[in-house]
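Take 0 as the starting number for the sequence shown in numbering that gives the first Met the number 0 and just add one per residue.
Note sheet for the following structure.
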Amino acid sequence: MMIRTLPTLVIAILLTGCTSTASRMAECEAQDVSEDTCYLAEQNRQTAIYAAAEKQALENAARQYAQSARLGVPAFTPLRQAVQHAQAAKSKTLQARIAGIDIKISPDIKQGYIEQTAAALTEENPYAQVYQKGVFTAIWYRQKHKIVLLRDGQIVGTAKG
């Protein structure tokens, strides 16, 4: 009997601090505050809770992205990641080091990495693929098999790819 009442007692103790919207509104109005002001205060309270939850979610996502970037793995959903690993096994990855900057490009699956961080494919045409990350732009020329690295629009160097 004691084992069954213990969880119930713990739940009851934990829930004593919880209040509903209606009870908070009644408590506010009992202090001679207008109903409109109490309603506004309750709305502000809920907005603050949602903002805190959103802020925490964004921090968690940023932390997860940073962790995956350190490991050199893009932060994809597991299903997409599995599909892309299967594609990566078939694709050719071009690697170059230009002026101390590591560049990896997988043209078949349209993925590029500059300094082990995913770079966005910003342009593609029959002659080239352009990847960008921050101030760096990497251009892979298909026919010449050449990678050109730019920093702030200025050529840093080239390499065979």
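Cβ atoms here follow ideal geometry from the backbone N, Cα and C, with glycine treated the same way.
Quiz item: DSSP three-state call for T92: helix, strand or coil?
Solution: In this structure, T92 counts as coil in the three-state DSSP scheme.
Quiz item: Looking at I102 and L148, is the spacing between their C-beta atoms short of 8 Å?
Solution: With contacts defined by Cβ atoms closer than 8 Å, L148 and I102 form a contacting pair.
Quiz item: Hey, how far is the Cα of R79 from the Cα of L39?
Solution: Confidence in R79 is poor, its pLDDT being 49 and thus under 50, which makes the residue's placement too unreliable to answer from.
Quiz item: Exposed or buried, which one is I113 when buried takes at least 16 other CB atoms within 10 Å?
Solution: Buried, because 16 or more other Cβ atoms sit within 10 Å of the Cβ of I113.
Exercise. Look up T18 in the DSSP assignment and say whether it is helix, strand or coil.
Key: In the structure shown, T18 sits in coil (DSSP, three-state: anything other than H, G, I, E or B).
Quiz item: Since Y130 sits in a beta bridge, which residues does DSSP pair it with?
Solution: For Y130, DSSP records a beta bridge to L120, A137.
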